[in-house]
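Below is one structure; the comments refer to it alone.
Number of protein chains: 2
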Amino acid sequence: MITVDEAFARIIANKIDLPVTEIALDEAVGKVLQEPVYADRDFPPYHRVTMDGIAIRYETYKAGEDTFQIEGLQLAGAPAQKLTNADGCLEVMTGAILPQNTDTVIRYEDVSITERRGKRYAHILAAPKMRLLNVHQQGFDRRANDLLIPEGTVLSPAEIAVAATVGKSSLKVTQVPRVAIISTGDELVDVTQTPLPHQIRKSNGYMLQAAMREQGITADLFHLVDDKPLLLQELQKLINQYNVLVLSGGVSKGKADFIPEVLRELGVQQLFHEVAQRPGKPFWFGKHAAGPVVFALPGNPVSTFVCYYKYVQPWLWTVLGASASWTMQASLTTEVTFNPKLTYFLPVKVFVTSTGLWRAQPVSIGGSGDFAALMTADGFLELPPDQTKFSAGESFPIICFRRFF
Amino acid sequence: MITVDEAFARIIANKIDLPVTEIALDEAVGKVLQEPVYADRDFPPYHRVTMDGIAIRYETYKAGEDTFQIEGLQLAGAPAQKLTNADGCLEVMTGAILPQNTDTVIRYEDVSITERRGKRYAHILAAPKMRLLNVHQQGFDRRANDLLIPEGTVLSPAEIAVAATVGKSSLKVTQVPRVAIISTGDELVDVTQTPLPHQIRKSNGYMLQAAMREQGITADLFHLVDDKPLLLQELQKLINQYNVLVLSGGVSKGKADFIPEVLRELGVQQLFHEVAQRPGKPFWFGKHAAGPVVFALPGNPVSTFVCYYKYVQPWLWTVLGASASWTMQASLTTEVTFNPKLTYFLPVKVFVTSTGLWRAQPVSIGGSGDFAALMTADGFLELPPDQTKFSAGESFPIICFRRFF
Chain A
1 MITVDEAFAR IIANKIDLPV TEIALDEAVG KVLQEPVYAD RDFPPYHRVT MDGIAIRYET
61 YKAGEDTFQI EGLQLAGAPA QKLTNADGCL EVMTGAILPQ NTDTVIRYED VSITERRGKR
121 YAHILAAPKM RLLNVHQQGF DRRANDLLIP EGTVLSPAEI AVAATVGKSS LKVTQVPRVA
181 IISTGDELVD VTQTPLPHQI RKSNGYMLQA AMREQGITAD LFHLVDDKPL LLQELQKLIN
241 QYNVLVLSGG VSKGKADFIP EVLRELGVQQ LFHEVAQRPG KPFWFGKHAA GPVVFALPGN
301 PVSTFVCYYK YVQPWLWTVL GASASWTMQA SLTTEVTFNP KLTYFLPVKV FVTSTGLWRA
361 QPVSIGGSGD FAALMTADGF LELPPDQTKF SAGESFPIIC FRRFF
Chain B
1 MITVDEAFAR IIANKIDLPV TEIALDEAVG KVLQEPVYAD RDFPPYHRVT MDGIAIRYET
61 YKAGEDTFQI EGLQLAGAPA QKLTNADGCL EVMTGAILPQ NTDTVIRYED VSITERRGKR
121 YAHILAAPKM RLLNVHQQGF DRRANDLLIP EGTVLSPAEI AVAATVGKSS LKVTQVPRVA
181 IISTGDELVD VTQTPLPHQI RKSNGYMLQA AMREQGITAD LFHLVDDKPL LLQELQKLIN
241 QYNVLVLSGG VSKGKADFIP EVLRELGVQQ LFHEVAQRPG KPFWFGKHAA GPVVFALPGN
301 PVSTFVCYYK YVQPWLWTVL GASASWTMQA SLTTEVTFNP KLTYFLPVKV FVTSTGLWRA
361 QPVSIGGSGD FAALMTADGF LELPPDQTKF SAGESFPIIC FRRFF
């Protein structure tokens, strides 16, 4: 039996190589970028007007002129016009290129416009503080060829906008792995079936599939009964076809728990079996020489859940090439006692205080089979094995399975 | 000009009705549930064995017997067997139904098994503390007909598992609205085009589309140039076809900013124009008598971004029927001064301390056009208008556009 930290380290150390693929920009959000994105030109690409108003030569104003004849109108999207007279001005619209021979924009609020003999004049009411006022200068934010988005970024809508601006209609991202989710157990019937008294419907497969869907991965579902020859045959096929196998059930020491021996017989090297944690102790992990990684999770729903979020999800982000990792922390609202020398994943509800502190309130749960209790939880607080009493106010890492929007 | 709080309240008060639809369970994660989900039978549905071991009658042990002849094996997924002799036992596997005439499970670790004359006996080494030890009792977690998932729940993988267990192969959820995203502005060219010096590529549309995609909404993209007759004609079509119009650009007071007047002429009732905030002040909001709601966001990318996350996203969750709302808070790492009497949406990077406190570090930004700066930000801290100095350590609401996994 190994510790949670050791199990995590062994899992993260066993990566798989995934090809890079090119996808359309409108499908790229949430994917992991596998190319650096550079500025194709300056940001902004031209001296950009930031207020509706008039554009003047600052020098003319400084020389004492405060009324400027309006020569024309510079709209956004139109090529740059040219100011003809040093004591003239052009009306300019937000987003427009600054007209040639002008360098300062005075917003409409700070001018009064009058008309005399068919000519229009702008009289400046509030002195411009400086040259280039209300001008977003070319290259002020970024220079052409600057790195904008590094490889390994999980693409948010902000990166999608930047990629569009530099003309990337598609992006190189890590291709998601082919994942097979396999639930085992003779007691399981399909969601559409009515179970007999000693049977239950499959749920872990749907849960794992939903969790991966949130990560942009479409996994295939399988169910295998506890029959050793059949398991050998079917798992061999799946090893040949998939990059990742996530099993649930069949890893304890029961008479029908064939999974560890079947996997070993199929050439999957066992990297550990049993982790000093509750729930989820019988967790088995291995890697096949031909490539596939196998997570064999305990079949109790809460155990499956904890193992997925603690181990499988971060491993998936790692193999997808994400450069960042995240550790959330939360402090206990109440004292908790847990005596076994095991890491305890305590189901909790999260509250955020007005100061921005995450607080974790334990959710009462009937055991690792009581997944209905998860309806009132948001995640699991990871309580370390070298402690038995966990005080109110003490903070620990938290794994969340709900999103806060 | 109205306050941010007033703008938010007016937006949330203007809902649209969306039909309920039935979707397959494997597509339901992230959707908003529109039916209560009840337990179809007890949870667990039978006295469920939680450890591999032997099942005995507790009374027999209490009466002094500590060695039990093994009568057989109860596997998970098999109908309940029956203990024949009160001083016998059955081997039982995790997940199995508890055999008839037994009530207590002793795990293998606490028994020694011996064989004598072809018969097998289990000798109990550690006294069971109570009846029903290692038995997850029928109905212990939930009773048949108990409410498991209320309407209005945003479905996480945990709810998907529970729905599967009670036999829901499909779920009633709110149908996502038909959303049109319309960018306006003559300076905009397509992502695949090479812009002229005074032009830029469209980016807001892709950003908004990506943000909605994360919310499970597939929006259609449009671009309209600043031409009033054309805007009248095309927006009329979109009003007829969509539930929600999200525009970007054309809402300031420039010569080519036709959007507010065009919308009014098309019968969209203006509910506000201009909000006391930076960035995003020219934000326009209205509702058409025929149903559609129109968000006309300012075209500067950072303004569009802020307005989307502050207003449009929570409104979408509301019309989708989500019962919960979330307010995250974070405390400033450093003092910030902002003099205008406006709500200031400060771009920040988030750090989580070891005690679980969210800290917000301001990101230097060149203005509302500098969306490349968002690459280093995670969200916006909402600084209220009635304050000009914001101290290090002070906490404010935060809107995040990145997910922390």
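Chains as they are written, first to last, in the UniProt record's numbering: chain A, 1 to 405; chain B, 1 to 405.
We treat Cβ as the ideally placed atom computed from N, Cα and C, and that holds for glycine.
Selection from the options that minimises the alpha carbon distance to residue i
| i | options | result |
| --- | --- | --- |
| Asp-52 of chain B | B:Ser-169, B:Leu-342, B:Lys-281, B:Glu-91 | B:Glu-91 |
| Pro-128 of chain B | B:Gln-100, B:Tyr-242, B:Arg-57 | B:Arg-57 |
| Thr-194 of chain B | A:Ile-181, A:Val-191, A:Lys-168, A:Pro-195 | A:Lys-168 |
| Leu-25 of chain B | A:Arg-403, A:Arg-213, A:Val-111 | A:Arg-213 |
| Glu-335 of chain B | B:Glu-27, B:Gly-367, B:Thr-388 | B:Thr-388 |
| Gln-175 of chain A | A:Pro-197, A:Lys-31, A:Leu-196 | A:Lys-31 |
| Asp-186 of chain A | A:Asp-226, A:Glu-159, A:Ala-164 | A:Asp-226 |
| Gln-137 of chain B | B:Tyr-46, B:Gln-236, B:Pro-282 | B:Tyr-46 |
| Met-130 of chain A | A:Glu-265, A:Ala-276, A:Asp-103 | A:Asp-103 |
| Ile-200 of chain B | A:Val-189, A:Asp-386, A:Asp-42 | A:Asp-42 |
| Ala-28 of chain B | B:Leu-232, B:Gly-366, B:Ile-217 | B:Ile-217 |
| Asp-146 of chain A | A:Tyr-38, A:Phe-404, A:Arg-403, A:Gln-269 | A:Tyr-38 |
| Val-189 of chain A | A:Gln-241, A:Ile-181, A:Ile-182, A:Lys-202 | A:Lys-202 |
| Pro-97 of chain A | A:Ser-325, A:Lys-119, A:Gln-74, A:Gly-367 | Here residue 97 of chain A turns out to be Ile, not Pro, going by the sequence shown. For the residues A:Ser-325, A:Lys-119, A:Gln-74, A:Gly-367, the minimum Cα distance to Ile-97 of chain A belongs to A:Gln-74. |
Contacts around residue i, its chain only, beta-carbon distance under 8 angstroms, and the 5 residues preceding and following it disregarded
| i | result |
| --- | --- |
| Gly-95 of chain A | Arg-48, Val-49, Ala-76, Gly-77 |
| residue 407 of chain A | In this structure chain A extends from 1 to 405, so residue 407 of chain A is not present and cannot be described. |
| Ser-391 of chain B | Leu-332, Glu-335 |
| Lys-341 of chain B | Ala-276, Pro-385, Asp-386 |
Bridge partners - residue i, DSSP secondary structure assignment
| i | result |
| --- | --- |
| Trp-358 of chain A | A:Val-352 |
| Pro-397 of chain A | A:Gln-329 |
| Asp-220 of chain B | B:Ala-180 |
| Leu-75 of chain A | Per DSSP, none; premise fails for Leu-75 of chain A. |
| Pro-229 of chain B | Answer by DSSP bridge pairing: none, since Pro-229 of chain B is not bridged. |
| Arg-142 of chain A | A:Phe-43 |
| Glu-382 of chain A | A:Phe-345 |
| residue 407 of chain B | Missing from the structure shown is residue 407 of chain B; chain B here goes from 1 to 405 and no further. |
| His-123 of chain B | B:Thr-67, B:Ser-112 |
| Lys-277 of chain A | Reading off the sequence shown, one finds Gln at residue 277 of chain A, where the question assumed Lys. Looking at the DSSP assignment, Gln-277 of chain A forms a beta bridge with A:Thr-343. |
| Arg-264 of chain A | Looking at the DSSP assignment, Arg-264 of chain A forms no beta bridge with any residue, so it has no partner. |
Same chain, Cβ closer than 7 angstroms to residue i, neighbours up to 5 away in sequence not counted
| i | result |
| --- | --- |
| Trp-315 of chain B | Ile-11, Ile-12 |
| Thr-84 of chain A | Glu-71 |
Local conformation of residue i per DSSP, three classes
| i | result |
| --- | --- |
| Thr-318 of chain A | helix |
| Ala-9 of chain A | helix |
| Tyr-311 of chain B | helix |
| Lys-129 of chain B | coil |
| Thr-165 of chain B | helix |
| Ser-183 of chain B | strand |
| Thr-84 of chain A | coil |
| Tyr-61 of chain A | helix |
| Phe-305 of chain B | helix |
| Ile-239 of chain A | helix |
| Gln-269 of chain B | strand |
| Glu-91 of chain A | strand |
| Leu-155 of chain A | coil |
| Thr-376 of chain A | helix |
9 angstroms Cβ cut-off: residues of chain A touching residue i
| i | result |
| --- | --- |
| Ala-24 of chain B | Within chain A, no residue comes near Ala-24 of chain B; the closest Cβ sits about 10 angstroms away, beyond 9 angstroms. |
Within chain B, the residues that residue i reaches when beta carbons sit closer than 8 angstroms
| i | result |
| --- | --- |
| Asp-186 of chain A | Leu-75, Ala-76, Gly-77, Ala-78 |
| Arg-48 of chain A | Gly-369 |
Sequence-distant residues of the same chain with beta carbon closer than 6 angstroms to residue i, five excluded per side
| i | result |
| --- | --- |
| Met-328 of chain B | Ile-398 |
| Pro-79 of chain B | none |
| Phe-371 of chain A | Pro-301, Val-302 |
| Thr-114 of chain B | Tyr-121 |
| Asp-141 of chain B | Phe-43 |
| Glu-22 of chain A | Ser-170, Lys-172 |
| Asp-110 of chain A | Leu-125, Ala-126 |
| Gly-139 of chain B | Asp-42 |
Partners in chain A for residue i, counting only beta-carbon separations shorter than 7 angstroms
| i | result |
| --- | --- |
| Ser-354 of chain B | Gln-329, Ser-395 |
| Ser-252 of chain B | Asp-52, Thr-94 |
| Tyr-206 of chain B | Leu-25, Asp-26, Ile-160, Ala-161, Ala-164 |
| Gln-209 of chain B | Asp-26 |
Cross-chain neighbours of residue i in chain B, by beta carbon under 7 angstroms
| i | result |
| --- | --- |
| Asp-370 of chain A | Asp-141 |
| Gln-199 of chain A | Gly-77 |
Residues that residue i contacts on chain B, provided the C-beta gap is smaller than 9 angstroms
| i | result |
| --- | --- |
| Phe-345 of chain A | Ordered by position in chain B, no residue passes the 9 angstroms Cβ test against Phe-345 of chain A, which lies about 14 angstroms from the chain. |
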